[in-house]
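Q:
In the numbering used here, the protein residues as written are 10 to 856.
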């Protein structure tokens, strides 16, 4: 193991809320607070005689207000801004109970001692630090806490008497610049835990008349979420449906009846009269749900009648084929039909070794077209069928087969109004058993295909252009004019588009929208209205309602209050011509700078240089220019943050995406290093000697790969990353199916040299960069051994490496909010240790 750096000592900041400053040694400076918010005088509570034994030992102080993390506002709720006198003391006109509030801005993490003269309670944001019980007399009231870099709001409750109508607020610190009292109304989020205040909107639905919208709103800060109904002006007309457990499936056509999903139950809620009717009760394996054109029937996937036997019922679980280890290979789900009026239910498909992919009603509702995927003996080991069921006769007719493997198979079906065309999303091309001899495609660069339901012939409709296509939220869907409404990935932005049928071609046209990139989206069943969320790098998601093809209007901004008191870093475009000649999409967040008055701004430092952190995924999917709390967190910590979409990402054209097939490192690494050099050339204040990198999953692999091929970075973090292509191929849940594309058809038994050359574990002796490995112990996607084996090799070689494993956590280490906060904060502490030579927080964590 490497030698641990001895931590340096941070002397505590001592804060005094007192008429007499606390004694400080000569090396300390005292900073007096010149402004604070005051509330009072407030009436005292009733006096309790000391001889009332029934109350002895049971009395406690109940605050007159609820201290939280929000700074008060002047002239609201009785608060007023007060200035201290020349001696740094706040003078009040009469005795009584007062509350004082002010922010302390610290440049670095510190231990803090608090003292409040005439104090009865001290709070840090909403957490009580100290309080005196009735009858106790301790003057001053003291407490201690530890603060990180940034702003902390302190509250104090004082009881002022005629003997002394003044009190002071001061901070004694080793440097005047280390601590500043401030009332600045807007501050940056410097603790990752505080990003729990950002509201999230998901699970949307919109009625056909555009007058009602259902949306699910949640915040981590209170640990709850709720489903509300909004009118077309954003007013809530029904709140917290089904106790917050419900998610909207969609409104029935031409009605205000809303299908709600509550776990395994399906409920029909009539908005107009408030009644609810259970449609499905405790439905096992409830999957996709499709609403009939007239709203009288449903198609849905369910395990009912074909539930898998619980492995716990036997002595062990038997595996005979690798597909049985694929977590989403679920042959127990079958297609069901339900008449909502009569309650009649029919099973449409029979048991078999296949997986149900999607289904849609035919144009007149008399047929059902569905897709299923079956295993095959040869690469790519899976092939899909598209079939049609006659609902009158029950006949199940084969229409077409499509060979695309497991990862991207025909899904997101949309039936044309003429009854002849079925649109679906699939890979750029079919895949045959001799794939090695065929062009290598990134199957995630999804395209639109059209199937002629009469002839069974299909062709790729989306030709040329750079877009990748996605479904979900009612998309794709044919509009009344015969065009196909669909969601697209356009570089680092998600958008809505229309595939316009022009003569014999389909031409994609991006539709107007507000916001850089889409989040959640839903289309009305008639295709006339869209409700969606959209965000920007410095603006959390907001909710919009639009007529299809229009930009629409803002319906709700759940983060408006947060935005009024928070500053976020704006992203600067950093795209450049990469080493392969293509344009590499990149953007940059400047670091937070703290002003002398206690405020902050994201900008170049006034003096000196700033460290840089680069993030990438490096795999098949691009990072979006949407709001990202981790990027903001690092920028608020004083780091420049660079985001890179390297070659191989979809949405930049087919040739760009196809770099991913068979790369496993070289092309993506070249782009990441070139992007770093480009940032250094255009941002002069960045410190070349203090650069870090991080990524997760395939991005974790890229971190492992980079540190075995370059020493240009001074610190690195690999989150749940791949270190050995052989063990990932054999142990990862999708190691074979994803690997078939990403490896370009290679396998360990015939291409051993390739696996060795591209696996970081075989290059461990080349590592010089301090590396932190983070992994969940329950990760089935990229198994924990990927980090363990690299850690073992590096530690055996006495390389600078540490590893943190999280019990119970799956891929992403975000099963619990506490673990997400912990591992994101660990990343910052690791970078602080190696890029700023500040090991204290990292070392203190493990004491």
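Glycine is no exception: its CB is placed at the ideal position from the N, C-alpha and C atoms.
Would you call the region 149 to 158 and the region 110 to 126 in contact, with 3 or more CB pairs under 8 Å?
A: Result yes; three or more Cβ-Cβ pairs closer than 8 Å.
Q: Tell me which same chain residues have a C-beta within less than 6 Å of the C-beta of residue 286, skipping the five on either side of it?
A: Mapped onto the chain shown, residue 286 falls at position 277. Answer for residue 286: 277, listed in chain order.
Q: On the three-pair Cβ rule with 8 Å, is the region 188 to 201 touching the region 537 to 557?
A: With a cut-off of 8 Å, the region 537 to 557 and the region 188 to 201 do not count as touching, because too few Cβ pairs lie within range.
Q: To the nearest angstrom, how far is the alpha carbon of residue 550 from that of residue 654?
A: Start at 1 with the first residue of the chain shown, and residue 550 comes out as number 541. Start at 1 with the first residue of the chain shown, and residue 654 comes out as number 645. Rounded to the nearest angstrom, the two C-alpha atoms are 22 Å apart.
Q: Got a sec, what are the start and stop residues for the alpha helix (DSSP H) residue 836 sits in?
A: Against the chain shown, residue 836 aligns to sequence position 827. First-last of the alpha helix (DSSP H) with residue 836: 826 to 844.
Q: Could you tell me if residue 489 is buried or exposed, where buried requires 16 or more neighbouring beta carbons within 10 angstroms of its beta carbon?
A: As a working note, residue 489 is residue 480 in the chain shown. With fewer than 16 Cβ atoms within 10 Å of its Cβ, residue 489 is classed as exposed.
Q: Since I believe residue 395 is in contact with residue 460 (beta carbons under 8 Å), could you give me their beta-carbon distance rounded to a whole number of angstroms?
A: On the chain shown, position 451 is the one that residue 460 refers to. On the chain shown, position 386 is the one that residue 395 refers to. Rounded, the Cβ-Cβ distance is 6 Å, consistent with contact.
Q: Under a Cβ-count criterion, where at least 16 other Cβ atoms within 10 Å of its own Cβ denotes burial, should residue 270 be classed as buried or exposed?
A: On the chain shown, residue 270 is found 261 positions in, with the first residue counted as 1. Buried, since its Cβ has 16 or more Cβ neighbours within 10 Å.
Q: Check whether the region 214 to 229 touches the region 247 to 258, counting contact only when three or more Cβ pairs, one atom from each stretch, lie closer than 8 Å.
A: Flag = yes, the region 214 to 229 and the region 247 to 258 touch.
Q: Give me the residue from 685, 93, 108 with the minimum Cα distance to residue 596.
A: The residue given as residue 596 occupies position 587 in the chain shown. Closest by alpha carbon: 685.
Q: List, from N- to C-terminal side, the beta strand (DSSP E) runs of 3 residues or more that fit wholly inside the region 261 to 347.
A: Those beta strand (DSSP E) runs which fall completely within the region 261 to 347 and span 3+ residues are 266 to 271, 274 to 279, 285 to 289, 298 to 300, 306 to 311.
Q: Which of the three DSSP states is assigned to residue 401 in this structure?
A: Residue 401 sits at position 392 when you count from the first residue of the chain shown. Coil, per DSSP.
Q: Could you give the distance in angstroms between the alpha-carbon of residue 483 and the alpha-carbon of residue 541?
A: Locating residue 483 in the chain shown gives position 474, where the first residue counts as 1. Locating residue 541 in the chain shown gives position 532, where the first residue counts as 1. Answer to the nearest angstrom: the Cα atoms are 12 Å apart.
Q: Does residue 598 come out as helix, strand or coil in the three-state DSSP assignment?
A: Position 589 of the chain shown, counting from 1, holds the residue named residue 598. Strand, per DSSP.
Q: So, at 8 Å on beta carbons, what are the nonlocal neighbours of residue 674 in its own chain, with the 5 sequence-adjacent residues on each side left out?
A: The residue you call residue 674 lines up with position 665 of the chain shown. Same-chain partners within the cutoff: 710, 711, 714, 718, 767.
Q: I think residue 618 touches residue 689, with their Cβ atoms under 8 Å apart; what is that distance to the nearest whole Å?
A: Locating residue 618 in the chain shown gives position 609, counting from the first residue. Locating residue 689 in the chain shown gives position 680, counting from the first residue. About 11 Å; that fails the 8 Å criterion.
Q: Under the DSSP definition of a beta bridge, which residues are partnered with residue 456?
A: In the chain shown, counting from the first residue as 1, residue 456 sits at position 447. Its beta-bridge partners are 435.
Q: Which first and last residues belong to the beta strand (DSSP E) in which residue 210 is found?
A: Residue mapping note: residue 210 aligns to position 201 of the chain shown, counting from 1. 208 to 215 is the extent of the beta strand (DSSP E) around residue 210.
Q: Tell me residue 514's beta-bridge partners as DSSP assigns them.
A: Locating residue 514 in the chain shown gives position 505, where the first residue counts as 1. DSSP, once it has assigned bridges, lists 511 as partnering residue 514.
Q: Quick one: what's got a C-beta closer than 7 Å to residue 672's C-beta in the same chain, skipping five residues either side?
A: Mapped onto the chain shown, residue 672 falls at position 663. Counting only Cβ-Cβ distances below 7 Å, and skipping sequence neighbours, we find 657.
Q: What residue range is occupied by the uninterrupted beta strand (DSSP E) comprising residue 44?
A: In the chain shown, counting from the first residue as 1, residue 44 sits at position 35. 44 to 51 is the span of the beta strand (DSSP E), which, as asked, contains residue 44.
Q: Sort 567, 347, 48 by Cα distance to residue 374 and report the nearest one.
A: Here residue 374 is taken as the residue at index 365 of the chain shown, counted from 1. Checking every option, the nearest Cα to that of residue 374 belongs to 347.
Q: DSSP three-state call for residue 36: helix, strand or coil?
A: For the purposes of this step, residue 36 is taken as the residue at position 27 of the chain shown. Note that residue 36 has pLDDT 44, beneath the 50 cutoff, so the model's placement of it is unreliable and the number below is only indicative. In the structure shown, residue 36 sits in coil (DSSP, three-state: anything other than H, G, I, E or B).
Q: For the alpha helix (DSSP H) holding residue 744, just list the boundary residues, first then last.
A: For the purposes of this step, residue 744 is taken as residue 735 along the chain shown, with counting starting at 1. It spans 744 to 751 - the alpha helix (DSSP H) in which residue 744 sits, taken as one unbroken run.
Q: Given this structure, state the Cα-to-Cα distance separating residue 844 from residue 158, to the nearest angstrom.
A: The sequence position of residue 844 within the chain shown is 835, counting from 1. The sequence position of residue 158 within the chain shown is 149, counting from 1. For residue 844 and residue 158, the distance between alpha carbons rounds to 16 Å.
Q: Can you name the start and end residues of the alpha helix (DSSP H) that residue 801 belongs to?
A: Counting from one through the chain shown, the residue named residue 801 turns up at place 792. Segment 794 to 805, the alpha helix (DSSP H) holding residue 801.
Q: I'd like the list of long-range same chain contacts for residue 304, defined as Cβ closer than 8 Å, with 5 residues on each side in sequence excluded.
A: For the purposes of this step, residue 304 is taken as the residue at position 295 of the chain shown. Here the set comprises 261, 262, 263, 264, 266, 349, 534.
Q: Return the CA-CA distance between residue 171 and residue 79, expressed in angstroms with no decimal places.
A: Here residue 171 refers to the residue found at position 162 of the chain shown. Here residue 79 refers to the residue found at position 70 of the chain shown. The alpha-carbon atoms of residue 171 and residue 79 are separated by roughly 31 Å.
Q: Rounded to whole angstroms, what is the Cα-Cα separation between residue 47 and residue 827?
A: For this step, residue 47 is matched to residue 38 along the chain shown. For this step, residue 827 is matched to residue 818 along the chain shown. For residue 47 and residue 827, the distance between alpha carbons rounds to 34 Å.
Q: In or out: residue 121 buried (at least 16 other Cβ within 10 Å) or exposed?
A: Here residue 121 refers to the residue found at position 112 of the chain shown. With 16 or more other Cβ atoms within 10 Å, it is buried.
Q: Taking 7 Å as the limit between beta carbons, can you name the residues of its chain near residue 66, skipping five residues before and five after?
A: Within the chain shown, residue 66 is the residue found at index 57, counting from 1. Confidence in residue 66 is poor, its pLDDT being 47 and thus under 50, which makes the residue's placement unreliable; the coordinate value appears in the next sentence. There are no such residues.
Q: Can you grab the Cα-Cα spacing for the pair residue 594 / residue 661, in whole Å?
A: Position 585 of the chain shown, counted from the start, is the residue given in the question as residue 594. Position 652 of the chain shown, counted from the start, is the residue given in the question as residue 661. Taking the straight line from one Cα to the other gives about 9 Å.
Q: Do residue 40 and residue 115 have their beta-carbon atoms positioned less than 9 Å apart in this structure?
A: The residue you call residue 115 lines up with position 106 of the chain shown. The residue you call residue 40 lines up with position 31 of the chain shown. No, they are not a contact pair.
Q: Are the C-beta atoms of residue 304 and some chain C residue less than 9 Å apart?
A: Going by chain labels, chain C is absent from the structure shown, which holds only one protein chain.
Q: According to DSSP, which residues form a beta bridge with residue 784?
A: Sequence index remark: in the chain shown, residue 784 carries index 775 (1-based). BP columns for residue 784 point to 814.
Q: Entirely within the region 544 to 628 and at least 3 residues each: give me those beta strand (DSSP E) ranges in chain order.
A: Entirely contained in the region 544 to 628, the beta strand (DSSP E) runs reaching 3 residues are, in chain order, 548 to 556, 562 to 565, 592 to 598, 601 to 603, 609 to 611, 619 to 625.
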